[in-house]
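A.B. asks: Next up is a structure, given as structure tokens.
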Amino acid sequence: MLRFTDSLTGDKTDFVPRDPGKASVYWCGPTVYDLPHLGHARSTLAFDILVRYLRWSGYEVCSASNITDIDDKIIARAAEEDSTEPELAARFERAFIDQMDLLNIAHPDLRPRATEYVEQMIAVVADLVDREMAYTTDSGVYFAVDRLPEYGALVHRSPEELREGAGARVDVDDDKADPLDFALWKAAKEGEPSWDSPWGPGRPGWHIECVAMSLDLLGDGFDIHGGGDDLIFPHHENERAEALGCERAFATHWVHNGMVQVGGEKMSKSLGNFTTLGDLLEAWDPRALRLLVLQTHYRRTMEIGSDTLDQAAAALGRLDTFADRIGQADLPPSEPDPGVVERFRSAMDDDLGTPAAVAVIFDAVRDANRAIDIEDETGAAALASTVTTLASVLGLGLGSRGSSAPDPEATEIDAMVADRSAAKAAGDYAQADSIREALTTRGIQLEDTPAGTTWRRA
RNA sequence: GCAUCGGUGCCCGAGCGGACCAAGGGAACGGCCUGCAAAGCCGUAAAGCCGCGGGUUCAAAUCCCGCCCGGUGCUCCA
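Sequential numbering from 70 applies to the first sequence in this note's numbering.
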């Protein structure tokens, strides 16, 4: 039985989908006003893994994740760069998708943009106004928090407690009846993009888009809503308020991933400052980041730094070496080992226990290597099949650098390897070692096997 | 201040009342294999009284109380 820690209740609860056998998942995507950062990667990886696992478990999944392409930051940034909002948003959306692709993150089934959903947002706002859950002022339309006694359930705070902190970071808008109230619709200011509405020209407030899109695309009472845990308040709390204010069933499971820490100057200095995801992906195999994320539970705050990435890369190297080894071992086709698969499944079923699931894979790797060593082909084949299957469930493709492109220096290296083999056969180890040394300094690692010598880039 | 998540070996990091499992990964050391390596396998580490102090229990890293430390949130940040 699959279960998740639900941010609303704070408990692990069984996943009970609205429609048996199906799963509807929505998670908050980026506001595209800048390059993707490590936090985007972690969060998106977390939900990629969730969706992959749901599918593998047999659920028919519909996933949706938004692109917020209009908001204050986009407007400000476009003005700074003397660009336009659509151009800026399109550029950073492209960067986001490209880098997620590098991370082998599957595209969500639906990727709605906020600007394409203004009409639906206006409908939600109008509904809230009709129900007197919202009121209008000169500066826009606001949600009336005091009309919803449940407000604060997701952050686990009462409205009174929340009021104490309200306004701590931003000036309280005088138009608001209550400091907790938040904008559903913002009246247009000079020079800002705007849309017509029953309340005059303006643009949507922040939280309204996700409500309009998730309910529209996935339907009332959809299954899972997620995002980074920094979104719990105010974003998700307010989304929930809007949906409940319309008396529409919202998400039944709330799943939030923990934040990424980049341990201050230590890493950025020694590594020439990677603060963006792009910098990281230039220096490390994207799969190393995925593995690192997998080795930490999704709810926990994690540190991403050059040392932990190096460790993950080394672990990944072990998996790749293994994949290459089984590729050369010419094993008979085989089904995965049911016992190992079951251990993997129970790890994942328990709130997506990817660290334990990865441990199951590494255990299988060791067992498979041992089986190969003792020439137990049947056992090795089953375990090898298990490893590649389970790794792919987690979105990890294994095998020599994952690259299919032929090495440009292959011919030359092959020739040197052949020379060395000849020298070895002749007993001229000094010559053989000198060739090997030459290759090593070029980053080529040789491996002598009973079947001959192979090489790979270290 | 309030809310919330956490403090486990050299490093990362599982664990959610009870099994000689404190997982798995990285690093280190020893052994096997190898002409020597690499890869792989086997093993080891006075390496932690699982942040500190109490408590509950036949039994606690795991539950409760207090304290210390860190992350995040407290209006637009995944």
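C-beta: ideal position from N, C-alpha, C; glycine also.
#1: Using a Cβ-Cβ cutoff of less than 7 angstroms, which residues in the same chain neighbour residue 177 once the five nearest sequence positions on both sides are dropped?
#2: With a CB to CB cut of under 8 angstroms and the five nearest residues on each side skipped, what residues in its chain are close to residue 214?
#3: Using CA atoms only, rank isn't needed, just tell me which of 192, 411, 293 is closest to residue 267.
#4: For a minimum of 4 consecutive residues, which ranges assigned as the alpha helix (DSSP H) are wholly contained in the region 305-390?
#5: Between which two residues does the alpha helix (DSSP H) containing residue 506 stretch?
#6: Compare the Cα-Cα distances from residue 300 to each of 108, 85, 502 and report the closest residue.
#7: Along the beta strand (DSSP E) that carries residue 254, what are the first and last residues, could you check?
#8: Given this structure, state the Cα-to-Cα distance separating residue 492 from residue 464, to the nearest angstrom.
#9: According to DSSP, is residue 186 helix, strand or coil?
#10: What residue does the beta strand (DSSP E) around residue 517 start on, and which one ends it?
#11: I need the DSSP call for residue 434, collapsed to helix, strand or coil.
#12: Which residue wins for smallest C-alpha separation from residue 76, given the options 230, 368, 145?
#13: By the 10 Å Cβ neighbour count, where 16 or more other Cβ atoms means buried, how is residue 85 classified, buried or exposed?
#14: For residue 455, count the other beta carbons within 10 Å of its own beta carbon; 16 or more makes it buried, fewer makes it exposed. Which is it?
#15: Give me the Cα-Cα distance between residue 342 and residue 372, rounded to the nearest whole angstrom.
#16: Beta-carbon separation of residue 110 and residue 168 under 9 angstroms?
#17: For residue 360, is the classification buried or exposed, using 16 other Cβ atoms within 10 angstroms of its Cβ as the cut-off for buried?
#18: For the alpha helix (DSSP H) that residue 279 lies in, which residues bound it at each end?
#19: Contact check, residue 397 vs residue 281 under 8 angstroms by CB: the rounded distance?
#20: Taking the continuous alpha helix (DSSP H) assigned at residue 447, which residues delimit it?
#21: Are the region 195-207 and the region 145-161 touching, with three or more C-beta to C-beta distances below 8 angstroms?
#22: Check whether the region 313-325 and the region 347-359 are in contact - that is, three or more C-beta pairs closer than 8 angstroms.
#23: Just verifying my parser: in three-state terms, what is the DSSP assignment at residue 102?
#24: Using the rule of at least 16 other Cβ atoms within 10 Å of the residue's Cβ for burial, across every protein chain shown, is residue 387 buried or exposed?
#25: CA-CA distance, residue 253 and residue 391?
#26: Rounded to whole angstroms, what is the Cα-Cα separation between residue 101 and residue 466?
#27: Taking the alpha carbon of residue 97 as the reference point, which residue from 143, 196, 211, 275 has its own alpha carbon closest?
#28: Taking the continuous beta strand (DSSP E) assigned at residue 94, which residues delimit it?
#29: Identify whether residue 413 lies in helix, strand or coil by the three-state DSSP scheme.
#30: Ignore the nearest five residues each way along the sequence and tell me which others in residue 240's own chain have a CB closer than 7 angstroms to its CB.
#31: Would you kindly report the start and end of the unbroken alpha helix (DSSP H) that includes residue 524?
#32: Is DSSP giving residue 528 helix, strand or coil here?
#33: Classify residue 511: buried if its beta carbon has 16 or more other beta carbons within 10 angstroms, exposed otherwise.
#34: Can you look up residue 273 in the DSSP assignment and give me helix, strand or coil?
#35: Taking C-alpha atoms, which residue in 485, 124, 129, 278 lies nearest to residue 180?
#36: Output the boundary residues of the alpha helix (DSSP H) element that contains residue 294.
C.D. replies: Looking at the atomic coordinates:
#1: What you label residue 177 is simply residue 108 of the first sequence in a count that begins at 1. Excluding sequence neighbours, residue 177 sits near 132, 133, 134.
#2: Start at 1 with the first residue of the first sequence, and residue 214 comes out as number 145. The residues are 220, 228, 247, 249, 250, 251, 310.
#3: Translated into positions along the first sequence, residue 267 becomes position 198. Of the candidates 192, 411, 293, the one whose C-alpha sits nearest the C-alpha of residue 267 is 192.
#4: 306-314, 333-339, 346-352, 355-363
#5: Within the first sequence, numbered from 1, the residue matching residue 506 stands at position 437. Start and end: 498-510.
#6: As a first step, residue 300 must be located in the first sequence, where it is residue number 231. When only C-alpha atoms are compared, the closest one is 108.
#7: For the purposes of this step, residue 254 is taken as the residue at position 185 of the first sequence. Taken as a continuous stretch (DSSP letters only), the beta strand (DSSP E) holding residue 254 covers 251-256.
#8: Position 423 of the first sequence holds residue 492. Position 395 of the first sequence holds residue 464. Rounded to whole angstroms, residue 492 to residue 464 spans 43 angstroms at the Cα level.
#9: One-based indexing of the first sequence puts residue 186 at position 117. If DSSP states are grouped into helix, strand and coil, residue 186 belongs with coil.
#10: To locate residue 517, count along the first sequence from 1; it is residue 448. 513-518 is the extent of the beta strand (DSSP E) around residue 517.
#11: Numbered from 1 along the first sequence, position 365 holds the residue referred to as residue 434. It is helical.
#12: The count along the first sequence starts at 1 and reaches residue 76 at position 7. Cα-wise, what sits closest to residue 76 is 368.
#13: To locate residue 85, count along the first sequence from 1; it is residue 16. Exposed, since its Cβ has fewer than 16 Cβ neighbours within 10 Å.
#14: Reading the first sequence from its first residue, position 386 is the one you call residue 455. Classification of residue 455: buried, given that the 10 Å Cβ count is 16 or more.
#15: In the first sequence, the residue the question calls residue 342 occupies position 273. In the first sequence, the residue the question calls residue 372 occupies position 303. Because residue 342 carries a pLDDT of 42, less than 50, the predicted location of this residue cannot be relied on, and the following value inherits that uncertainty. Straight-line Cα distance between these residues: approximately 15 angstroms.
#16: Counting from 1 along the first sequence, the entry for residue 110 is found at position 41. Counting from 1 along the first sequence, the entry for residue 168 is found at position 99. Going by C-beta atoms, residue 110 is nearer than 9 angstroms to residue 168.
#17: Your numbering for residue 360 matches position 291 in the first sequence. Residue 360 is buried by the Cβ-count criterion.
#18: Working through the first sequence from its first residue, we reach residue 279 at position 210. Here the alpha helix (DSSP H) through residue 279 covers 277-287.
#19: Start at 1 with the first residue of the first sequence, and residue 397 comes out as number 328. Start at 1 with the first residue of the first sequence, and residue 281 comes out as number 212. Their Cβ separation, rounded to whole angstroms, is 54 angstroms, which puts residue 397 and residue 281 out of contact at 8 angstroms.
#20: The residue given as residue 447 occupies position 378 in the first sequence. 446-462 is the extent of the alpha helix (DSSP H) around residue 447.
#21: no
#22: no
#23: Within the first sequence, the letter at position 33 stands for residue 102. Of the three classes helix, strand and coil, the one that applies to residue 102 here is coil, per DSSP.
#24: As a working mapping, residue 387 is identified with position 318 in the first sequence. Exposed, since its Cβ has fewer than 16 Cβ neighbours within 10 Å.
#25: Within the first sequence, the letter at position 184 stands for residue 253. Within the first sequence, the letter at position 322 stands for residue 391. Each residue's Cα considered, the two are about 54 angstroms apart.
#26: Here residue 101 refers to the residue found at position 32 when the first sequence is read from its first residue. Here residue 466 refers to the residue found at position 397 when the first sequence is read from its first residue. So the alpha carbons of these two residues sit roughly 29 angstroms apart.
#27: Within the first sequence, the letter at position 28 stands for residue 97. For residue 97, the nearest C-alpha among the options comes from 275.
#28: Taking the first sequence and counting its residues from 1, the one referred to as residue 94 is at position 25. Looking at the DSSP string, the run of the beta strand (DSSP E) that includes residue 94 is 91-96.
#29: Along the first sequence, read from residue 1 onward, the residue named residue 413 stands at position 344. Reduced to three states, the DSSP call for residue 413 is helix.
#30: If you number the first sequence from 1, residue 240 lands on position 171. Note that residue 240 has pLDDT 49, beneath the 50 cutoff, so the model's placement of it is unreliable and no number is given.
#31: Along the first sequence, one-based indexing puts residue 524 at 455. Taken as a continuous stretch (DSSP letters only), residue 524 belongs to no alpha helix (DSSP H), being part of the beta strand (DSSP E) at 521-526.
#32: Here the chain has residues from 70 to 527 only, and residue 528 is not among them.
#33: The residue given as residue 511 occupies position 442 in the first sequence. With fewer than 16 other Cβ atoms within 10 Å, it is exposed.
#34: Counting from one through the first sequence, the residue named residue 273 turns up at place 204. Correct three-state label for residue 273: strand.
#35: Position 111 of the first sequence, counting from 1, holds the residue named residue 180. Closest by alpha carbon: 278.
#36: Position 225 of the first sequence, counted from the first residue, corresponds to residue 294. Counting along the chain, residue 294 falls outside any alpha helix (DSSP H), though it belongs to the beta strand (DSSP E) covering 293-297.
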